[in-house]
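What follows is a single structure, written as structure tokens, with notes after it.
There are 2 protein chains.
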Amino acid sequence: MAPHRYTEAEQMLVALDCIIFGFDQNELKLLAIKRDFEPEKGNWSLMGGFLRRTESLDEAANRILISLTGLKNIYLEQLHAFGEVDRDPVERTVSVAYYALIDIHTHDKELMKAHGASWFSIHDMPDLIFDHNHMVDAALKRLRYKASHQPVGFELLPEKFTLPELQKLYECIYDTELDKRNFRRRMLSMDVLIKTDEKLKKYSKKGAFLYTFDKEKYNEKIENGDSTVFKPILS
Amino acid sequence: MAPHRYTEAEQMLVALDCIIFGFDQNELKLLAIKRDFEPEKGNWSLMGGFLRRTESLDEAANRILISLTGLKNIYLEQLHAFGEVDRDPVERTVSVAYYALIDIHTHDKELMKAHGASWFSIHDMPDLIFDHNHMVDAALKRLRYKASHQPVGFELLPEKFTLPELQKLYECIYDTELDKRNFRRRMLSMDVLIKTDEKLKKYSKKGAFLYTFDKEKYNEKIENGDSTVFKPILS
DNA sequence: GCAAAAGTGTTAGAACTACACCCATGC
DNA sequence: GCATGGGTGTAGTTCTAACACTTTTGC
């Protein structure tokens with residue numbers, strides 16, 4: 641039909657915004673920064689940036705995540721593209737949101753400070769700029785789904801973690817309480833946790849055994865068509 | 641940091657591509673068109689177009705869907721944003737893919753012909769341009785998930801449908817065979833199907849009772865927090 | 001009357017849920 | 001020795017999956 645489809649098309653900006661989750665003992669947390677340019681300068685915002693012509697969406701999301709946390713090889717997944725006409729008052733901008741899961745204790749505190757970044761409990765979030773609160777809602781919903789179908793919870797914990805910590809994490813993600821025995825049975829029945837002989841005495845005198853997640857074993861099982869390795873924690 | 645974030649950012653094109661599913665008696669099908677402009681003119685492609693500055697992503701996806709099918713109020717959901725640098729050889733373009741579920745018998749055949757559109761079995765797809773085959777793979781995966789967790793199957797059927805038709809649809813979506821008795825029990829136990837007193841004799845001499853999906857009742861149950869209305873057909 | 005699809009119940013095994021006590025340790 | 005969190009087993013119930021025959025009708 642139209643002879644010059646490409647030349648007639650309208651150019652616009654493509655942005656990325658990262659919803660960064662962390663877990664700190666008793667709470668699921670989210671990383672927000674103080675925006676350092678107008679409009680909305682000084683208000684809380686997700687970490688974001690604009691897509692460059694020389695990088696893919698995934699690469700850009702990683703670049704932005706690294707610029708704030710210093711962390712590479714992080715769990716990062718595209719969430720949704722947000723494209724309301726007036727979502728950004730300055731320029732027509734489509735934003736592709738990504739969510740990331742990090743171990744809250746490993747990120748670069750200097751970089752964080754430089755960006756005016758701060759962790760917020762997901763139960764006590766400030767108002768964020770633009771449609772960023774919507775993005776967070778969508779990310780939480782996705783995390784809840786994802787965590788009960790695939791072993792992503794481990795991404796929020798240190799490499800070595802205890803079963804009580806893992807349970808607490810799931811309880812925070814789902815805002816509910818879980819039965820200790822049933823939780824342990826289910827987790828261990830998947831046969832992808834390796835028990836170490838170390839104990840963590842951070843939370844109790846007796847101490848709890850540390851485990852690691854056996855990613856290779858898990859991948860192997862998945863490749864062998866065993867789609868039931870990871871059983872939903874919550875329907 | 642940078643003083644002119646917006647002016648330094650690079651503009652680019654945002655496209656939309658629609659993966660349109662239909663169901664025809666024995667097969668899950670997908671609508672592809674013959675591309676009518678360069679590059680790749682004459683090759684099979686998803687129906688697509690460019691985002692305008694005056695419309696949201698959802699609006700644009702709907703516009704594109706309507707321009708091909710003539711259908712309004714269609715089930716349409718965002719799938720994923722595809723943003724590899726070289727995915728479009730002409731211009732740097734980020735494409736946001738949407739998938740749609742339509743009743744294959746209701747669309748506008750004139751419009752279809754004008755676009756050189758054609759239905760393909762998902763088991764016998766031609767090569768599509770750019771990354772469109774990847775988009776289809778992702779859409780199928782999403783459809784499989786979605787159909788087992790929410791009652792979207794009905795969108796692919798006429799308003800009135802029989803249980804054998806519904807079962808066949810699920811069998812096509814999941815490429816498997818289902819037990820007739822278990823399927824019927826499960827579907828009816830959700831208590832969101834209304835049995836009419838009409839029979840459809842298209843497929844058998846005896847005829848099968850026609851049902852409709854009670855969307856209001858379903859929504860009511862969801863609002864009342866009954867998250868177990870729709871039980872997964874397949875784990 | 002027969003071919004072809006529609007419709008209907010039961011049962012064994014698996015999975016889920018609820019529940020209470022002992023253990024190890026630091027103070 | 002006691003307070004604190006870590007660790008363990010069972011039984012009742014529910015859900016799932018497998019299975020075969022009767023019904024209706026058009027030809």
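First to last, the sequence lines map onto chains A and B. When we follow the working numbering, the leftmost residue of the first sequence carries the number 641, and every step to the right adds one. When we follow the working numbering, the leftmost residue of the second sequence carries the number 641, and every step to the right adds one. The beta-carbon is built from N, C-alpha and C at its ideal position, and this holds for glycine as well. Bear in mind that the values here come from a model prediction, so they are computed numbers and not experimental data.
Straight-line gap, residue i to residue j (C-alpha atoms, nearest Å)
i: A/Phe-801; j: A/Lys-681; result: 39 Å
i: A/Pro-679; j: A/Thr-733; result: 14 Å
i: B/Leu-719; j: A/Lys-749; result: 35 Å
i: A/Glu-860; j: B/Lys-835; result: 46 Å
i: B/Ala-779; j: B/Glu-795; result: 15 Å
i: A/Phe-677; j: B/Glu-817; result: 58 Å
i: A/Met-687; j: B/Phe-760; result: 42 Å
i: A/Ala-642; j: B/Ala-737; result: No answer about A/Ala-642 holds up, because its pLDDT of 43 lies below 50 and its placement is not dependable.
i: B/Arg-703; j: A/Ile-873; result: 40 Å
i: B/Ala-700; j: B/Ala-754; result: 20 Å
i: A/Val-654; j: A/Asp-743; result: 28 Å
i: B/Phe-870; j: A/Tyr-785; result: 16 Å
i: A/Lys-669; j: A/Thr-868; result: 29 Å
i: A/Lys-820; j: A/Ala-848; result: 13 Å
i: B/Leu-635; j: B/Val-776; result: In this structure chain B extends from 641 to 875, so residue 635 of chain B is not present and cannot be described.
i: B/Ile-813; j: A/Lys-841; result: 50 Å
i: B/Ala-787; j: B/His-644; result: 46 Å
i: A/Ser-685; j: A/Tyr-739; result: 14 Å
i: A/Leu-716; j: A/Leu-741; result: 7 Å
i: A/Arg-675; j: A/Glu-838; result: 43 Å
i: B/Leu-803; j: B/Lys-781; result: 24 Å
Option nearest residue i by Cα separation, candidates the options
i: B/Pro-766; options: B/Val-832, B/Ala-672 and B/Glu-838; result: B/Ala-672
i: A/Leu-711; options: A/Glu-724, A/Thr-746 and A/Asp-777; result: A/Thr-746
i: B/Ser-829; options: B/Lys-839, B/Asn-702, B/Glu-667 and B/Tyr-858; result: B/Tyr-858
i: B/Ile-862; options: B/Lys-841, B/Gly-847 and B/Val-832; result: B/Val-832
i: B/Tyr-843; options: B/Ser-758, B/Asp-866, B/Ala-655 and B/Asn-666; result: B/Asn-666
i: A/Pro-729; options: B/Glu-699, B/Asp-726, B/Ala-740 and B/Arg-693; result: B/Arg-693
i: B/Phe-663; options: B/Lys-820, B/Val-869 and B/Gln-807; result: B/Gln-807
i: A/Phe-770; options: A/Asn-683, A/Tyr-739 and A/Arg-824; result: A/Asn-683
i: B/Ile-706; options: B/Leu-751, B/Asn-864, B/Glu-799 and B/Val-776; result: B/Leu-751
i: B/Gly-723; options: B/Lys-674, B/Leu-741, B/Glu-838 and B/His-774; result: B/His-774
i: B/Ala-757; options: B/Leu-697, B/Leu-708, B/Val-725 and B/Thr-852; result: B/Leu-708
i: A/Glu-648; options: B/Leu-697, B/Leu-691, B/Ile-714 and B/Ile-659; result: B/Leu-691
i: A/Ser-696; options: B/Asp-726, B/Val-792 and B/Ile-762; result: B/Asp-726
i: B/Leu-768; options: B/Ile-659, B/Tyr-851, B/Asp-866 and B/Met-652; result: B/Ile-659
i: B/Phe-853; options: B/Gln-651, B/Glu-799 and B/Glu-838; result: B/Glu-799
i: B/Asp-866; options: B/Lys-845, B/Phe-661 and B/Gln-790; result: B/Gln-790
i: A/Tyr-810; options: A/Lys-674, A/Asn-822, A/Ser-735 and A/Gly-793; result: A/Gly-793
i: B/Ala-721; options: B/Tyr-739, B/Ser-735 and B/Tyr-715; result: B/Ser-735
i: B/Tyr-851; options: B/Asn-864, B/Lys-845 and B/Met-827; result: B/Met-827
i: A/His-763; options: A/Glu-731, A/Leu-797, A/Asp-815 and A/Asn-822; result: A/Asp-815
DSSP three-state assignment for residue i, whether helix, strand or coil
i: B/Met-775; result: helix
i: B/Gln-665; result: coil
i: B/Ile-862; result: helix
i: B/Ala-672; result: strand
i: A/Leu-686; result: coil
i: B/Ala-649; result: coil
i: B/His-720; result: strand
i: B/Ile-706; result: helix
i: A/Asp-698; result: helix
i: B/Ala-642; result: Since pLDDT at B/Ala-642 reaches only 42, below the 50 mark, its modelled position is unreliable, and no value is offered.
i: B/Ser-758; result: strand
i: A/Tyr-715; result: strand
i: A/Phe-801; result: strand
i: B/Leu-656; result: strand
i: A/Met-765; result: coil
i: B/Leu-691; result: coil
i: A/Glu-678; result: coil
Run of the alpha helix (DSSP H) containing residue i, from where it starts to where it stops
i: A/Phe-870; result: Unbroken run through A/Phe-870: none, as it is neither H nor E.
i: B/Tyr-843; result: No alpha helix (DSSP H) contains B/Tyr-843, which DSSP labels as neither H nor E.
i: A/Arg-825; result: 820–829
Enclosing beta strand (DSSP E) for residue i [first to last residue]
i: A/Lys-839; result: 833–840
i: B/Ser-735; result: 733–741
i: A/Phe-849; result: 848–853
The ligand FAD heavy atom lying under 7 Å from the CB of residue i
i: B/Phe-663; result: The ligand FAD is not among the ligands present in this structure, which contains no ligands whatsoever.
Handout entry: Where the segment 720–733 of chain A meets chain B: residues whose CB sits under 8 Å from a CB there
Key = Listed in sequence order: His-720, Ala-721, Phe-722, Gly-723, Glu-724, Val-725, Val-730, Glu-731 and Arg-732.
Practice task
With 9 Å as the limit, tell me which residues of the segment 693–705 of chain B have their beta carbon closer than that to any beta carbon of chain A; keep them in chain order.
Solution key: Those residues of the segment 693–705 of chain B that come within reach of chain A (Cβ to Cβ, closer than 9 Å) are Arg-693, Thr-694, Glu-695, Ser-696, Leu-697, Asp-698, Glu-699 and Ala-700.
Practice task
Closer than 7 Å, Cβ to Cβ, to anything on chain A: give me those residues from the segment 780–802 of chain B, in chain order.
Solution key: The segment 780–802 of chain B vs chain A, Cβ under 7 Å: nothing.
Problem - Contact set between the segment 643–664 of chain B and chain A, restricted to residues whose Cβ is under 7 Å from the partner - result: Within the segment 643–664 of chain B, those residues whose Cβ lies closer than 7 Å to any Cβ of chain A are, in chain order, Arg-645, Tyr-646, Ala-649, Glu-650, Gln-651, Met-652, Leu-653 and Val-654.
Handout entry: Where the segment 760–774 of chain B meets chain A: residues whose CB sits under 7 Å from a CB there
Key = For the segment 760–774 of chain B, which is checked against every Cβ of chain A, not one residue is closer than 7 Å.
Exercise for the section: Can you give me, in chain order, the residues of the segment 855–870 of chain A that have a beta carbon less than 8 Å from any beta carbon in chain B? Expected result: Of all residues in the segment 855–870 of chain A, those with a C-beta nearer than 8 Å to a C-beta of chain B are Ser-867 and Thr-868, reading in chain order.
Exercise for the section: May I ask you to list, following chain order, the residues of the segment 674–687 of chain B that have a beta carbon less than 8 Å from some beta carbon of chain A? Expected result: So the close ones are Asp-676 and Phe-677.
Handout entry: Short-range partners of chain A found in the segment 733–759 of chain B, where Cβ spacing is below 8 Å
Key = Answer in chain order: Val-734 and Val-736.
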